[in-house]
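Novice: Following the numbering used here, the numbering of the sequence shown begins with 19 at its first residue and continues without gaps.
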Amino acid sequence: MPVSPTVTTAVILAAGTGSRLQPYTHNLPKCLVEVLGKPILGHMLDTLEAVGFREVVIVTGFKAERVETYLKGRTSGMRITTVHNARYATTNNIYSLWLAEPHLKDGFALIESDIVLDGSVMQQFLVENRIALERFDPSRHNGTTAEVCCDGYLCDLHIKKEPPSHKKLYKTVNIYSFCAQSKTNLLQRIHRRIEQQDTAVFYELAIKDLLDEQQIRLKMVDFSDHWWDEIDTPADLLRAEENGRPYLALSSTLLCG
């Protein structure tokens, strides 16, 4: 069903070194590693344009010049802006997101640059205050997990720690959307952490702060029945190439159709 977009700007965080994806990232940022002949970033940009995003802010870091060169060779109907995190080697994604603040006038979608996915689901993030989650499978998933209330809204995050075994849990996919007020609340909380030199942590800590204080409400977009993959290691890359072909063709089809 078509949605009425309230969010048309996306932020892609692409500053990290991708050290676990060596040797592919020896001289290349992770977002430019190819999956089925196209960079991860290219797949996401094609998808965002296909579903209706109008502007993208990309925060670069490691080998930023390679990203700039790649973008200059692309044709896009979206406005694309890059912001450089010169401290990429010593900071985490909370700092990269903070650097994007001057370019965010209203609400925005937030995406990490190592994700490939069934592009059709990205339409859901044209709507504000959403979080992508998948049913948690301890045999496949690690990292941050989430709890969802009976009304479908996020009620807690367990950040990079052992999740409680007695809860029904979801895995974060690292895709969000925020309304203008949520954006303001989030960036204020991030700014507070930056002032305290708390720059080597995940932005999810700021989201959890807001959840605990009931200053943000994020509705789940359930990815459990949608294909997606996060590419951190060579094994992840191989799996994405094996499983992603039917889905990664979608964005190109939509753009050409």
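Each residue gets a CB set at the ideal place from its N, CA and C atoms; glycine is no exception.
1. If LEU66 sits next to PRO57, beta carbons under 8 Å apart, how far is it from one beta carbon to the other, in whole angstroms?
2. Determine the extent of the alpha helix (DSSP H) in which ASN261 is found, giving its start and end residues.
3. For ARG38, collect the residues of the same chain with a Cβ closer than 6 Å to its Cβ; drop the 5 residues on either side in sequence, then sort them by chain order.
4. Could you pull out every residue in the same chain whose Cβ sits closer than 6 Å to the Cβ of GLY36, ignoring the five residues on either side in sequence?
5. Given that a residue counts as buried once 16 or more other Cβ atoms are within 10 Å of its Cβ, and exposed if not, what is GLU13?
6. Do VAL69 and GLY137 have their beta-carbon atoms positioned less than 8 Å apart in this structure?
7. Quick check on ILE234: does DSSP put it in helix, strand or coil?
8. Count the other C-beta atoms from every protein chain shown that fall within 10 angstroms of the C-beta of ARG148, then say buried if there are 16 or more, exposed otherwise.
9. Excluding five sequence neighbours on each side, which residues of the same chain lie with their C-beta closer than 6 Å to the C-beta of TRP245?
10. Which of the three DSSP states is assigned to GLY125 in this structure?
11. If we ignore side chains and look at the alpha-carbon of each, how far apart do SER94 and LEU115 end up?
Specialist: The structure says:
1. Between PRO57 and LEU66 the Cβ distance is about 14 Å, and since that is not below 8 Å, they are no contact.
2. 252 to 261
3. ASP250 and THR251
4. THR43 and LYS48
5. A question about residue 13 goes unanswered here, because the residues of the chain that appear run from 19 up to 275.
6. yes
7. coil
8. buried
9. ASP136 and TYR265
10. coil
11. 23 Å
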